[in-house]
Amino acid sequence: MVKERRTELVQGFRHSVPYINTHRGKTFVIMLGGEAIEHENFSSIVNDIGLLHSLGIRLVVVYGARPQIDANLAAHHHEPLYHKNTRVTDAKTLELVKQAAGTLQLDITARLSMSLNNTPLQGAHINVVSGNFYYCTAAGRG
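If you count by UniProt numbering, then the sequence shown holds residues 1 to 142, one letter each, in order.
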């Protein structure tokens with residue numbers, strides 16, 4: 001039984017080597033919805049991101065925060081306005097959105113930086129850079 005399991009593991013690794021070589025040095029964009037970040041398996045996702053990094057894959061992690069934003073708005077008894085399924089963001093809403101998104105960004109950064117310590121990837125160094133790297137305009141303007 002153990003020998004069969006080892007054989008399966010070796011065969012699986014042999015089949016994955018061409019994919020590892022093909023993707024080494026490439027950039028993957030990973031989108032994590034706010035629901036994925038709240039899920040109990042999020043630590044497994046962080047470990048998988050660390051594994052991809054250890055295989056030489058460059059990663060860009062983009063995240064959503066709708067559940068966290070909605071929870072923060074509710075905690076502050078602030079009812080958001082919507083127009084055609086798009087949240088209308090007034091000054092108060094914007095402050096609460098920034099608060100929720102900033103907290104989430106710090107949490108994700110901390111997990112990526114430190115959460116590999118108790119895994120087989122202990123000692124792996126992941127450089128985490130975060131920021132506002134996009135440009136947008138108001139709907140209907142440009």
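We treat Cβ as the ideally placed atom computed from N, Cα and C, and that holds for glycine.
Cut-off 7 Å between Cβ atoms - residues of its own chain near residue i, not counting five sequence neighbours on either side
i: VAL97; result: ILE69 and THR89
i: PRO80; result: LEU73, ARG87 and THR93
Residue range of the unbroken alpha helix (DSSP H) whose run includes residue i
i: TYR19; result: 2-23
i: VAL46; result: 42-54
i: ALA65; result: Neither: ALA65 is in no alpha helix (DSSP H) and is coded neither H nor E.
Test item: CB-CB of residue i and residue j under 8 Å
i: ARG24; j: GLY56; result: yes
i: HIS83; j: LYS92; result: no
i: GLY50; j: ILE126; result: yes
i: VAL46; j: LEU94; result: no
i: ASN72; j: ALA100; result: yes
Delimiting residues of the beta strand (DSSP E) encompassing residue i
i: THR93; result: Where THR93 is concerned, there is no enclosing beta strand (DSSP E), although the alpha helix (DSSP H) it sits in stretches over 91-114.
i: VAL88; result: 86-88
i: ILE30; result: 27-32
i: TYR82; result: 81-83
Nearest candidate by alpha-carbon position, reference residue i, set the options
i: ASN85; options: ARG6, GLY34, LEU94 and ALA139; result: ALA139
i: HIS53; options: GLN122, GLU4 and LYS3; result: GLN122
i: SER43; options: TYR135, GLU4, MET114 and CYS136; result: MET114
is_contact[residue i, chain D] using C-beta, thresh 8 Å
i: SER16; result: Looking for chain D here will not work: only one protein chain is present.
Cβ-based neighbour list, residue i, same chain, cut-off 8 Å, excluding 5 preceding and 5 following
i: MET10; result: Correcting the residue type first, residue 10 is Val in the shown sequence and not Met. So no residue of the chain qualifies.
i: residue 147; result: What is shown of the chain runs 1 to 142, which leaves residue 147 out entirely.
Sequence-distant residues of its chain with Cβ nearer than 6 Å to residue i (five each side left out)
i: THR109; result: VAL128 and SER130
i: residue 172; result: Nothing about residue 172 can be reported from this structure: the residues present for the chain run from 1 to 142 only.
i: residue 143; result: For residue 143 there is no data in the structure shown, the boundaries of the chain being 1 and 142.
Segment contact flag, the region 23-41 with the region 49-61, C-beta cutoff 8 Å, min 3 pairs: Yes, they touch.
So, does the region 97-112 touch the region 65-80, judging by three or more C-beta pairs under 8 Å? yes
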